[in-house]
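Take a look at the structure set out below.
Residue numbers (the UniProt record's numbering): 1 to 554.
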């Protein structure tokens with residue numbers, strides 16, 4: 001049985017029994033794990049590498065990393081446009097995957113050869129005269145970083161969409177597997193990050209940065225090779241031309257037709273130009289187009305625009321309020337994660353004789369996330385499906401809303417823990433156990449299982465078939481942009497909390513975390529989280545799904 005719009009790797013129509021399904025998705029899961037083993041730990045330790053080895057300033061190191069993350073999101077849009085318009089998603093991955101491999105290889109070479117990085121010294125020493133990376137070495141560093149960003153971004157845009165393509169949402173059985181795919185895709189991200197935070201961080205701490213980067217390159221190579229073995233099993237979409245051109249054409253046509261009087265009946269249109277009868281829409285479509293002020297055909301001076309283009313454009317316009325409200329609501333997530341790790345760095349991180357490195361504290365929320373994902377997919381979804389009738393147990397917008405509801409709860413818990421941490425340090429003169437952070441890390445895990453996966457499913461599922469990669473790229477931008485907005489929020493709060501005194505100290509400007517007022521900032525984030533949740537709720541309730549999310553019956 002063939003699926004419309006998809007072909008195998010040779011360009012022949014696909015057979016559902018031979019192509020796609022869980023078997024094809026397994027190759028994709030493996031690449032997800034490998035990529036995140038390489039990317040996530042290096043992204044989290046990049047500030048340390050830049051400051052400690054390349055001797056860039058603390059602020060400069062943070063800016064470089066922020067720009068690196070932003071570039072990854074921007075390149076995701078590039079990869080999405082290419083894979084939806086001109087080349088298949090699988091081709092996009094194999095074109096840009098080697099760029100990420102090359103980027104890690106360049107970082108490994110620069111870290112290995114002394115002539116390619118500044119001499120070793122302590123940049124934090126008071127009398128330090130460490131020289132920052134400059135000249136050719138600086139150019140090499142930026143080339144390596146942005147080559148990784150190019151490869152990672154373009155792969156991100158295509159990988160989730162390629163996996164979703166392996167399941168037919170019109171098939172009752174495969175529609176359930178399609179929804180489950182996003183859970184296991186996220187599980188692959190988490191398990192890759194978990195493994196990388198153990199292996200890569202240990203290698204970079206004990207064997208050297210060059211070894212860590214080199215292993216990252218090998219992991220990317222291994223993932224691409226395994227993905228190549230799945231060539232005979234994939235369902236590949238046919239590129240349908242530029243979606244941006246199609247959407248822009250709708251606005252151009254609407255503008256040209258803005259002063260024309262729409263015919264009152266279908267018969268009036270036929271009388272105006274009987275030569276266009278074959279393109280005159282059916283009555284139900286005629287009513288739809290009347291609301292859009294766009295007519296399919298050129299009769300009576302009307303400009304041409306297809307019904308599919310109009311529908312595609314209206315989908316994008318409907319999604320914009322949900323996108324903006326989600327970005328606003330997600331701002332607190334990266335901030336809570338960042339400051340929770342900083343809190344953990346000031347606490348007792350020993351488990352018996354084992355000392356947990358600060359970067360490895362991310363293992364705690366990642367572990368919670370993996371456990372909750374399995375429980376959610378294997379137990380909650382089947383149970384909820386019987387009650388609600390929804391394929392995914394609950395709708396994607398409901399799932400996102402649950403995550404946003406938990407965000408102010410997590411920041412309230414974080415504020416109470418921070419107050420307890422400072423009081424304990426003052427009273428006992430020693431740090432409190434890091435396991436006091438378990439509750440806020442646990443809620444962070446719930447947050448990722450709900451709104452992270454929900455947003456991915458929403459943006460991939462709601463866009464048209466010709467825009468799946470762009471929908472995924474928009475998701476990654478919706479996840480990445482709050483990090484940049486969070487930095488702006490921190491600066492604004494510090495400026496306001498100085499009480500107009502330029503020489504004063506803002507809430508988060510203390511020399512140490514004990515001298516800062518992180519608990520007050522957490523309370524502020526709780527208020528922002530509550531407001532953002534209700535704002536999201538307003539727009540989510542107004543949204544009309546493109547397809548009925550309930551279980552289809554064959």
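Think of the CB as a built atom: it goes at the ideal place given N, C-alpha and C, for glycine as much as any other residue. Source: prediction; values computed, not measured.
Under the DSSP assignment, residue 231 falls outside any alpha helix (DSSP H); it carries neither an H nor an E label.
Ranked by Cα distance from residue 104, the first of 74, 450, 535, 37 is 37. Nearest neighbour of residue 342 by Cα position, chosen from 17, 172, 452, 44, turns out to be 44. Counting every other CB atom within 10 Å of its CB across the protein chains shown gives residue 252 a total below 16, marking it as exposed. In the structure shown, residue 465 adopts helical secondary structure according to DSSP, grouped into three states. Under DSSP, residue 6 forms a beta bridge with 237.
DSSP, read as helix, strand or coil, puts residue 400 in helix. Sixteen is the threshold: since fewer than 16 other Cβ atoms of the shown chains lie within 10 Å of the Cβ of residue 379, the residue is exposed.
In this structure, DSSP gives residue 364 a helical state, which the three-state scheme calls helix.
Here the C-alpha atom of residue 478 lies approximately 42 Å from the C-alpha atom of residue 429. By the criterion of a C-beta distance shorter than 7 Å, residue 148 is surrounded in its chain by 100, 103, 104, once the five residues flanking it on both sides are discounted. Ranked by Cα distance from residue 334, the first of 355, 362, 346, 423 is 362. When Cβ pairs closer than 8 Å are counted between the two stretches, the segment 433-449 is seen to touch the segment 406-418, the count reaching three or more.
A straight line joining the alpha-carbon of residue 156 with that of residue 423 spans about 44 Å. Taking all protein chains in view, the Cβ of residue 468 is crowded by 16 or more other Cβ atoms within 10 Å, so the residue is classified as buried.
Distance from the Cα of residue 232 is smallest, within the candidate group 254, 426, 242, 13, for 13.
For residue 390, the three-state secondary structure derived from DSSP is strand.
It is roughly 51 Å from the alpha-carbon of residue 402 to the alpha-carbon of residue 114.
Distances from the CA of residue 160 to each of 47, 81, 146, 25 were compared; the closest alpha carbon is that of 25. Residue pairing by DSSP places residue 348 opposite 433 in a beta bridge. Less than 7 Å divides the Cβ of residue 5 from the Cβ of residue 237. Per DSSP, reduced to three states, the secondary structure at residue 355 is strand.
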